Amino acid sequence: MGKLLRTVFLVDLFQGLWVTFRSQHPKNIYTEQYPAERPKVAERFRGAPRLNLNPENGETLCIACNLCALACPERLIVVTSERNEETRRKELTTFTYDTSRCMFCGLCEDACPVDALELTQDFEMASYSREGSIWDRQMLEEGVRPTQYKC
Amino acid sequence: MAESTFLDSTELVLNMGPQHPSTHGVLRVILKLDGEKVIGTECVIGYLHRGVEKIAENRSYQQFAPYVDRLDYCAAVSNGLGYCLAVEKLLNVEAPPRAQAVRVILTELNRIASHLVWLGTHALDIGAITPLFYCMREREEALNIFEKYCGARLTTHAFRIGGLQYETYDGFEQEVKAFCEMMLPRIDEYEELLTNNRIWVRRLKGVGVLTADECKEYGVTGPVLRAAGVKWDLRKAQPYSGYDQYDFEIPIGKNGDTYDRYTVRIEELRQSVRIMRQAVERIPEGPIMGKVPKVVKPPVGEVYVSIEAPKGELGYFIVSDNSTQPYRVRVRPPSFVNLQALDRMVRGGLVADVVAIVGTLDIVLGEVDR
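Residue numbers (my numbering), protein chains in the order written: chain A, 1 to 151; chain B, 1001 to 1370.
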């Protein structure tokens, strides 16, 4: 009898509807208004790569040891260097990083002995061409500057 | 033979997928129909084949770790754990206790995230849209913890061979505890929405029955096997990563139908919360990385390690030839094996139930095709 009444009065359906109504309060809004409201990514977020500079003299921290290129599973980093005859030290000439093949695993960052290569919190890396996603040394040092749209 | 007309033809062959939204990816099922009745199916897989096992042969052991995240992308952490455990066994090292506790927390968190995706999409297939939004809301909290811990949300690459790369962040314990507190009432909420709902019950009860014997014949594992009443969970049967220290139960079903698989998975969510609560209370102090050489070069040998992934038994078979790259890696994915049972479950049922049964198997095509 009780079961019949529950069926007739749609108790199971109202039970579910009540959950929906409980969640109607505006404080439960989860939507992020993306271009206007920037998401806060975590501190350890693995995003766009950056080649760090020494803050004191603006020179690159990279010692061209090639460890990142060896650690990369996709082998997308190419480092070239030349030996400075005066100081007998290797100096970085070019550094290419193919972001189109990168899967942001963070192995290059872990391999870097001097914290020169870093995966930053930037995540807007779209480009209009395939060539645009192959980053050279200058781009890696300056970082991405995505267009900011007003809305 | 008389010329057959449209009315005479009894068998209709229908392609479901690979773009069908309810096949959870790119599964193609060729259905043979007699009116509304399914008289046979054939699965066509391989649309998402990326040759991950072959890639492994050209990568070093550490380099291959990010690729396993892309097998079952709903449960990337579990995949990483299985791979790391396999290589650790090959190297004969063990992760330190602190690393093991953090691994347990993150894998259970991932189990919850994976089951939430399953619950949301399964309900969506059946016609209940609301649970999807609630499930994604809670999954977001879990993914936030992943992001804060290792810097990625989906393909996490959280574990390394021998332990962990990252120390837990400040407030990790509090956030996990808060997640557990938040999660239990939310699970009740899903149950309020679905468990007694008459449409849900009628769509699921008695649909896609797979008995215990049939499960064993097909080699089906995970919640599908447990729903048939077999108490088999690798976390209890062959504990790894310190699972024997935690107190939890294996939920089982009775009839092995789609409804039982739903109740088993819901109960698994609660048990995962229970394990996380125990684990977070006693994360031991100490190192997070075991003694693993910089260049991993395991001795000649082969190893098979399996863990209880959210979808079933996930195994890694690795053959080493004493070089820096594996000679062969074979993945035993739970989804691939569970998918075999689809034909048995669907046969004789209605075409509308195919969607419910594909959903209840909880397959991820990244894992089926590899």
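Where a beta carbon is used, it is the ideal one built from N, C-alpha and C, also for glycine. Predicted model, so just to flag it, every value in this text is computed and none were measured.
The beta-carbon of A:A126 is placed no less than 9 Å from the nearest beta-carbon of chain B. The secondary-structure analysis by DSSP pairs A:I77 across a beta bridge with A:Y97. In the three-state scheme derived from DSSP, where H, G and I count as helix and E and B as strand, A:K27 is classed as helix. Taking 8 Å as the upper bound on Cβ-Cβ separation, chain A lies near residues E1147, K1148, Y1149, C1150, G1151, A1152, T1155, H1157 of the region 1145 to 1162 of chain B. Residues P1096, P1097, R1098 of the same chain have their beta carbon placed closer than 8 Å to that of B:G1286, with the five preceding and five following residues left out of the count. The alpha-carbon separation between B:P1223 and B:K1236 amounts to approximately 14 Å.
In this structure the region 1025 to 1037 of chain B does not touch the region 1282 to 1302 of chain B; the number of beta carbon pairs closer than 8 Å is below three. With respect to B:V1273, B:L1184 sits close: the two C-beta atoms are nearer than 9 Å. The count of Cβ pairs closer than 8 Å, one atom from the region 1352 to 1365 of chain B and one from the region 1196 to 1210 of chain B, reaches three, so the stretches are in contact. Collapsing the DSSP output to three states places B:A1128 in coil. The C-beta distance from B:A1212 to B:V1201 rounds to 23 Å, too long to meet the 8 Å contact threshold. By the Cβ rule, the region 1308 to 1317 of chain B counts as touching the region 1332 to 1341 of chain B, because three or more pairs are nearer than 8 Å.
A:P49 sits in a strand when the DSSP states are folded into three classes.
Where B:A1152 is concerned, there is no enclosing beta strand (DSSP E), because DSSP gives it neither an H nor an E. Taking B:D1369 as the centre and dropping the five residues before and after it, the same chain places the C-beta of I1045, G1046, Y1047, L1048, H1049 closer than 7 Å to its C-beta, in chain order.
Contacts between A:A48 and chain B, judged by CB atoms closer than 9 Å, are missing: the closest CB pair is about 12 Å apart.
Residues of the region 1334 to 1347 of chain B whose Cβ lies closer than 7 Å to any Cβ of chain A: none.
A residue is called buried when at least 16 other Cβ atoms come within 10 angstroms of its Cβ; B:M1016 meets this threshold and is buried.
Under the Cβ criterion of 9 Å, A:R101 is not counted among the residues facing chain B. Here the C-alpha atom of A:L51 lies approximately 11 Å from the C-alpha atom of A:C112. A Cβ-Cβ contact shorter than 9 Å links B:P1066 with A:M103. The continuous alpha helix (DSSP H) containing B:V1368 extends over residues 1365 to 1369. If you keep only unbroken beta strand (DSSP E) runs of at least 3 residues inside the region 1021 to 1096 of chain B, you get 1028 to 1034, 1037 to 1044.
Each of B:I1105, B:D1343, B:E1175, B:D1069 was checked against the Cα of A:C105, and the nearest Cα belongs to B:D1069. Residues P1298, G1301, V1303, I1318, S1320 of the same chain have their beta carbon placed closer than 7 Å to that of B:L1090, with the five preceding and five following residues left out of the count. With respect to A:P49, A:L107 sits apart: the two C-beta atoms are not nearer than 9 Å. Exclusion of the five residues before and after A:R101 leaves E74, L76 as the residues of its chain whose Cβ lies within less than 8 Å of its Cβ.
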